[in-house]
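If you're matching them up, the sequences are chains G and X in order. Going by our numbering, the letters in the first sequence line up with residues -7 to 106, in that order. Going by our numbering, the letters in the second sequence line up with residues 213 to 325, in that order. Note that beta-carbon positions come from the ideal geometry of N, C-alpha and C, so glycine has one too.
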Amino acid sequence: GAGVSQSPSNKVTEKGKDVELRCDPISGHTALYWYRQSLGQGLEFLIYFQGNSAPDKSGLPSDRFSAERTGGSVSTLTIQRTQQEDSAVYLCASSLNRNASPLHFGNGTRLTVT
Amino acid sequence: DQQVKQNSPSLSVQEGRISILNCDYTNSMFDYFLWYKKYPAEGPTFLISISSIKDKNEDGRFTVFLNKSAKHLSLHIVPSQPGDSAVYFCAASALGSQGNLIFGKGTKLSVKP
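Pasting the structure below:
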């Protein structure tokens, strides 16, 4: 019974480089979310995918951030030209559907931009 | 502007006593509330939820109370155990919306043996 899997678990990158973070949701879960947690902050919503619908990108902080979900399963969050303020733990979650279903989180990717 | 507020960043409780974690919200459209627990280096795990049609939901040692008029909810843990030591996040959503959860900043609970 695999849960939500994220890779890598840790990523250190230089300012200005691009990074890709991967999320494998729980099989059968149609909804997929990306959140991030900066130091001392709560979980900040980034983007949400539901089935084949257009994603809700309202939480993406800038146009350097993008995400895709291929085949309704695996998702990739891409951050271009990383900045130091992008340093955070990026958490992926999935749920059976969008309504009244608890989110199941992965262990996150800790991104450090030097 | 924080829609979900956890005003206590930390709480320390003696083992066996009751832990009460509080959460306030500002958006009257929220109608579904959840509590998540997070250990270091792990993702949050779902603990308990409540919809706005109820004012109490109980699951073992965990009870969530909802006061809609005050826009306030609380999580009671009794009796508290050292393994309950973690960061607890309150989250809210409006079921009629896209459903993304809005989280508070969390309260770090320490249960002393």
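From the DSSP output, which residues share a beta bridge with residue i?
{"i": "G/E36", "result": "G/R28"}
{"i": "G/H96", "result": "G/S86"}
{"i": "X/Y244", "result": "X/S263, X/S305"}
One question on the structure: do residue i and residue j come within less than 9 Å of each other, judged by their Cβ atoms?
{"i": "X/L321", "j": "X/L233", "result": "yes"}
{"i": "X/L278", "j": "X/I262", "result": "yes"}
{"i": "G/Q33", "j": "X/K249", "result": "no"}
{"i": "X/V276", "j": "X/F245", "result": "yes"}
{"i": "G/V66", "j": "G/C15", "result": "yes"}
{"i": "G/T101", "j": "G/T5", "result": "no"}
{"i": "G/Q193", "j": "G/N99", "result": "Any question about residue 193 of chain G goes unanswered here, given that chain G covers just -7 to 106."}
{"i": "G/S93", "j": "G/S87", "result": "yes"}
{"i": "G/A(-6)", "j": "G/I18", "result": "yes"}
{"i": "X/D267", "j": "X/K283", "result": "no"}
Taking CB distances under 9 Å as the criterion, tell me whether residue i reaches chain X.
{"i": "G/L31", "result": "no"}
{"i": "G/D48", "result": "yes"}
{"i": "G/P53", "result": "no"}
{"i": "G/L24", "result": "no"}
{"i": "G/V(-4)", "result": "yes"}
{"i": "G/N44", "result": "no"}
{"i": "G/H21", "result": "no"}
{"i": "G/A85", "result": "yes"}
{"i": "G/G64", "result": "no"}
Using three-state DSSP, classify residue i as helix, strand or coil.
{"i": "X/Q214", "result": "coil"}
{"i": "X/Q226", "result": "strand"}
{"i": "G/T106", "result": "coil"}
{"i": "G/E12", "result": "strand"}
{"i": "G/T62", "result": "helix"}
{"i": "G/E77", "result": "helix"}
{"i": "G/D55", "result": "coil"}
Apart from the five residues just before and just after residue i, which ones in its own chain have a Cβ nearer than 8 Å to its Cβ?
{"i": "X/Q215", "result": "Y237, T238, N239, F242, A304, I314"}
{"i": "X/D213", "result": "T238"}
Taking 9 Å as the threshold (beta carbon to beta carbon), is residue i in contact with chain G?
{"i": "X/G272", "result": "no"}
{"i": "X/Y248", "result": "yes"}
{"i": "X/N312", "result": "yes"}
Suppose the cutoff is 7 Å on Cβ atoms and the five residues either side in sequence are ignored; what does the same chain contact list for residue i look like?
{"i": "G/D48", "result": "I39, Y40"}
By Cβ distance below 6 Å, which residues in the same chain neighbour residue i in space, the five residues on each side in sequence not counted?
{"i": "G/G8", "result": "R73"}
Please determine whether the Cβ atom of residue i lies at a distance below 8 Å from any heavy atom of the ligand MG.
{"i": "X/E227", "result": "No copy of the ligand MG occurs in the structure displayed, which carries no ligand at all."}
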